[in-house]
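Below: one structure, written as structure tokens.
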Amino acid sequence: MHVGFIFLAVIVGSVLFHIFTPWYWTDIASNWGSMDDTITLTFWVGGGVFVAVCLFMVYCIFKFSYKEGRKAEYKPEDKKLERILTWATTLGVAALLAPGLIVWNQYINVPKNAIDIDVMAWQWGWQYRLPGEDGKLGSTKVENINDNNPFGIILEDINGKDDVLIQSDVLHLKNNRPVKILLRSVDVLHNWYVPQFRAKMDAVPGTITYYWFEPNKVGEYEVLCAEYCGVGHYGMRGRVFVKSEQDYEKWYQEQETFSDLVAKQEEIEFSGTKLVKNNLND
Amino acid sequence: MSEDFNDNKTIQAQSSETISGEGVRGVAPDKDYVRPAEVADQDLYHGHSFITKWIFCQDAKVIGVQYFLLATFTGIIGLILSWLMRLQLGFPGAAGFMTAEHYYQFVTMHGMIMVVYFLTALFLGGFGNYLIPLMVGARDMVFPYVNMVSFWMFFVAVGVLLASFFVPGGPTGSGWTLYPPQAILEGTPGSGMGIILMCVSLILFVAGFTMGGLNYLITVLQARTRGMTLMRMPLTVWGIFTATVLAMLAFPALLVSALMMTLDKVLATSFFMPTILKAGEVLEYGGGTPILFQHLFWFFGHPEVYIVALPAFGIVSDLISVHSRKNIFGYRMMVWAIVIIGALSFFVWAHHMYVSGMHPWFGFFFATTTLIIAVPTAMKVYNWILTLWKGNIRLNTVMLWCLGFIVTFVNGGITGIFLGNVTVDVPLSDTYFVVAHFHMVMGIAPLMVIMGAVYHWFPLVAGRMLSEKLGKLHFWITFLGAYSIYFPMHYLGFIGVPRRYFEMYNSPYITSAVGVNEFISMAAFLVGAAQFILIYNIIVSLRMGKPAGKNPWQANSLEWLTPTVPPEHGNWGDKLPVIHRWPYDYSVPGAKDDFIPQTTPPSEVAGTEVEKT
Amino acid sequence: MSEPKIEGYKFKPGYSGMAADTASDQTMFKGVHWGKAMMWIFLLSDTFIFSCFLISYMKGRGSTPEEWPNPSEVFALNAFGVPVPLLLIAIMTFVLITSSGTMALAVKYGYERNRKMCGWLILATALGGLTFVGMQAFEWSKLIHEGVRPWENPFGAPQFGSFFFMITGFHGTHVSIGVIFLFIYAYKTFAGHYDEGKRGWFTSMKGDYVEIEILGLYWHFVDLVWVFIFAFFYLW
Amino acid sequence: MSEIKKEQTTTHKIGIYLWIWGLLFVLSFFSYMVDWYQFQGLLRWSLILLFMFLKAGLIMAFFMHLFWERYALVNVLLWPMTAIACFVGLMVAEGKYTLFSRLFYFFVGGQ
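Chains as they are written, first to last, in my numbering: chain Y, 24 to 305; chain E, 341 to 953; chain Z, -4 to 231; chain H, 14 to 124.
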């Protein structure tokens, strides 16, 4: 008998743990509430099935444990019961699948007004690039990356001239404005993941991947790398500030564009050569 | 040499040669009639020396035990690695030698060992070899020599795998998925010799396994005894058989991806390697696609999950049936479910890759196929618990493991629905939710079955019973411990704790999980230690266990009906058994005992109301 | 081969026959030798290996933005001063098909227990295979001479060389293994091992002409794979 | 080793092998001609695939005796090919998608 009670305790314990757990989702800060909803739905249906199946099992333990001389029922099949169970399961599964597919459709179709953000990952860090006035990002090439051109922007591309470069792992986002995260990696797989935004996607070297979300809560969030990328994986963090429109614009204006960078570097180079020349003259 | 063979044994006597099954006019058709044998009896090579009898042995039963022991040995290494990992996660810095490199190497080797070298080898190589010939009524596997080579290939593969611990740079630390590019680039531990040896070891394993797999398949398809139809095979055989089919068709993808990765590493080809900038320099690679590797790997990887799960399904069905003295409910549906799950497993692989940056539309396809698999799987669960219903359940150690399996499997199966459904997967993938899910469903649940199977079949292999007392202790510590490891772990995933973090406590919202991690680690140490109870139990029982005698569980299936226990080489003495019924005739109304072995002809149990044969 | 006679078993044709065979006891493939069934399943597994290679090639080629070399130019051969596209490949194809034909006949004569004829045909097959391997070696050395390497090539996408060497190399390995076995089997045939049922060296299984059919299956499979490689690698 | 009890003596007439042999030569010649005349586009693809499957089919059906085997064996061998077909189909789509995103983002600069 104690066997049944222990199993019962395990099931009741699981349910209680779920109800009283202090460890649960972080507060959502993006438009993907629908993801949480699908999870909740799956929890109700799945959790219900788990509890029902296990309770049935416990009942069987109590009711049908071994008695000398008692004979078990002999019933190889029950077509009707099996059919009912199959259809009920199919229905339940379809009910879980349908919302999933609908939300996925939203996930892969980016709204028109989304701001493109180039998230560049390497072992082990992040940096970001925002489009300039023209709203377009310039195209890039891994081979072009060097100290003077940290993003590998193709120089001939006019779209790239006014791109805003953020050479740090801190990104600022405008509240209530969708962003399309364009993920780029220069070495191995990475994944730009902010738990509060729910969404994620791998950055794959050799191609560009994307996803989108709309931050809707002002605040500071931590970026985690969610795809194993070597020994430094666990330390590959970043930060995101979601700001109101005013604050965001203020920050945005302060940032350096690609042409600024190029100009500055030319200046340094120029003065550098001058310096060398002066030294030679001495 | 000729006395080594039982040459040209005459075709066995027929149970009734005169009256055909068709029935002659005026004479009642003989219900006991079974068609004569199609093929001559197998002639076997009997070893005489110690070496041919116990080391390079061609007896499938010995090979099965060899597989079992070697797989258990590697499994213990995997267990120790998991202890070290949990030590770091629960109590960071407690082990001074633990660097991030070591941690990732341990994670990788733990995963690879447990999935491939422990579970796959144990279920198919161990249980498959031992049970298939016995359960289908064959004298041995059809190609005993090839079967022997299979084990020794596995032995070499394990050797190469373990050798990678001792090469410069250590074993690979790229995660058991071995994703390129990082698997072969600096910045990942063991990206030199480690990864090469890993690939070589996998290739050897696949080659060796193919040899064994061919044996299992042909034995089931072509070497069954008289009267043994496919629909009279125990579900254990069905599970192992289908899993072997999957292995034969899925391992090629692993072989190809391992080979291509080795070439990428050794010859600097660019199958999986795009242009890469490392430490300010562009490497010599260019133009490859890392996602191709992921597709190949998971085309193997997903069937691999079922390679582990299906034998467990099959074995647990038999154990539940025997120990609740009741036929398995819905046998036909169980068989079809196994076959359908096996077939579908080739169409779902990319549900491991929803957030990998593959073609976005694939999400629709793979979510749908994945959730379709949930239906036959759920049917199996229903049938297990319906088998308990109105049974006469012996709550012995074997049954406890089965009940533990049901709880953990249902739990893990349902979290599988979370992860298979594409949208739900997005926030949860690459977090501890995934870790908890797959450990529950393909770690703990199959392990429960393995333990149950050990307690169930030990009397057959050794001729002595295992201690029930120790068995129950072992079960409760393992079950409650393992459940309390993995159940709370799901909630770490909800918080958003990513997998494969060496250390994670400086994030503000993760700090709340420190307590959970300590608790999980403590439980992990306890559960790991509890496994040594089994080893102790086996060693003691081998010498001092209660003699089992023939058929201690009153089971129907053929493996208990050999003339000698433990069965000898050739299994069946002079005469192969003849099968008259399915293996689940328990508690048949009108029968004297509550079980009717498969070899009992209908005339001996006249007056019973047998529904299915 | 058409239905063997099995005592007490009635063969049915077509799909009802399939259902009956599957539902019957003892064997599912009625009258099929264990070794032959094993070879078939092995070839099925091998098909998946080659499929994975070809799929990888397809995906790799399909997703490289660099220009893929034109195979009919790369594999052209100068005959009498005129570059003929795919000349060597065409000859290799014909050689392999020829050897496949001789193998098929060898199997036929094997079943007719025509030891001499069978042996000579196996030998002819082996020589065909050897020629094929030789020509492949020639092709490899020609390409290597022109600067094609697994990691680069002068004509365009580096993956061209990688896939070429890997896939033809893997196929060539299959052919070479086949040739070795063909020579062994030719010897065993001439020595009469299959007529007298002599036991094998390692497996200690009794010899039987069915082994020639099993080897034949393997050899035809190698030919079959070449058909696909020819279509996808050289003609694409 | 299991020997089939009844000796199989039924073999096929030599004519059928020679016929298939000849056909294989002809088909190989045809597929070579596809390249020789440099057909392009859909025509090239359909011809290549047609000749390829015809040749593969003939080898399997007659040289490997599948035509004479019972359906149980034939079906066991052919059904797994659906998994391959699915894999091929999806990888064609994936290859195109990868190429598209590479061209789109790296060359066109369409962001």
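Quick reminder that beta carbons are idealized off the backbone N, C-alpha and C, glycines included.
Chain-order list of residues whose beta-carbon lies under 8 Å from that of residue i (same chain, five-residue window excluded)
| i | result |
| --- | --- |
| F758/E | V764, D765, L768, F773 and H777 |
| M130/Z | L83, I86, M87 and V90 |
Partner residues on chain C for residue i, Cβ-Cβ distance less than 8 Å
| i | result |
| --- | --- |
| L589/E | Here chain C cannot be found, since the structure's protein chains are Y, E, Z and H. |
Whole-angstrom distance between residue j and residue i, CA atom to CA atom
| i | j | result |
| --- | --- | --- |
| M33/Z | N555/E | 8 Å |
| A587/E | A96/H | 14 Å |
| G102/H | S531/E | 33 Å |
| W149/Y | P134/Y | 25 Å |
| M58/Y | Y130/Y | 10 Å |
| R566/E | M862/E | 53 Å |
| L659/E | M739/E | 7 Å |
| P828/E | I616/E | 39 Å |
| I177/Y | F117/H | 14 Å |
| G395/E | V39/H | For the sequence presented, residue 395/E should be read as Ile rather than Gly. Each residue's alpha carbon lies about 54 Å from the other. |
| K240/Y | N132/Y | 22 Å |
| W58/H | G760/E | 37 Å |
| K94/Y | S664/E | 10 Å |
| V456/E | V500/E | 14 Å |
| W638/E | I655/E | 26 Å |
| I417/E | A497/E | 15 Å |
| T771/E | T113/Y | 28 Å |
| S58/Z | I224/Z | 19 Å |
| D925/E | N88/H | 32 Å |
Whole-number beta carbon distance between residue j and residue i, since they are thought to touch under 8 Å
| i | j | result |
| --- | --- | --- |
| L124/Y | F704/E | 6 Å |
| V577/E | E166/Y | The Cβ separation is near 58 Å, so there is no contact. |
| P154/Y | P630/E | In fact, because the Cβ distance is near 27 Å, the residues do not count as touching under 8 Å. |
Burial state of residue i, where buried means 16 or more other Cβ atoms lie within 10 Å
| i | result |
| --- | --- |
| V38/Y | exposed |
| E245/Y | buried |
| L787/E | buried |
| D345/Y | Outside the shown range of chain Y (24 to 305) lies residue 345/Y, about which nothing can therefore be said. |
| H388/E | exposed |
| V77/Z | exposed |
| L212/Z | buried |
Close Cβ partners of residue i (< 6 Å) along its chain, the five nearest in sequence each way excluded
| i | result |
| --- | --- |
| G670/E | N723 |
| N239/Z | Nothing about residue 239/Z can be read from this structure; chain Z reaches only from -4 to 231. |
| L424/E | F446 |
| M214/Z | The question names Met, yet the displayed sequence has Trp at residue 214/Z. The residues are M98 and G173. |
| P923/E | P574, N896, S897 and Q938 |
| A478/E | T559 and A563 |
Neighbourhood of residue i by C-beta, 7 Å cutoff - its chain only, sequence neighbours within 5 removed
| i | result |
| --- | --- |
| S40/Z | none |
| V26/Y | I84 |
| K197/Y | K266, E268 and Y271 |
| I543/E | L595, A598 and L599 |
| G744/E | M788, F815 and F819 |
| I403/E | C397, N469, N487, M488 and F491 |
Residue i - partner residues in DSSP beta bridges
| i | result |
| --- | --- |
| A85/H | The partner list for A85/H (beta bridge, DSSP) is empty, contrary to what the question assumes. |
| W145/Y | G148/Y |
| N239/Y | Paired residue(s): none; N239/Y is not in a bridge. |
| W215/Y | C248/Y |
| G261/Y | V246/Y |
| S88/Y | I733/E |
| S208/Y | A144/Y |
| E279/Y | L188/Y |
| H256/Y | H256/Y is not bridged to any residue. |
Residue i beta carbon near the ligand ZN (any heavy atom closer than 8 Å)
| i | result |
| --- | --- |
| K618/E | Among the components of this structure there are no ligands whatsoever, and the ligand ZN is therefore not found. |
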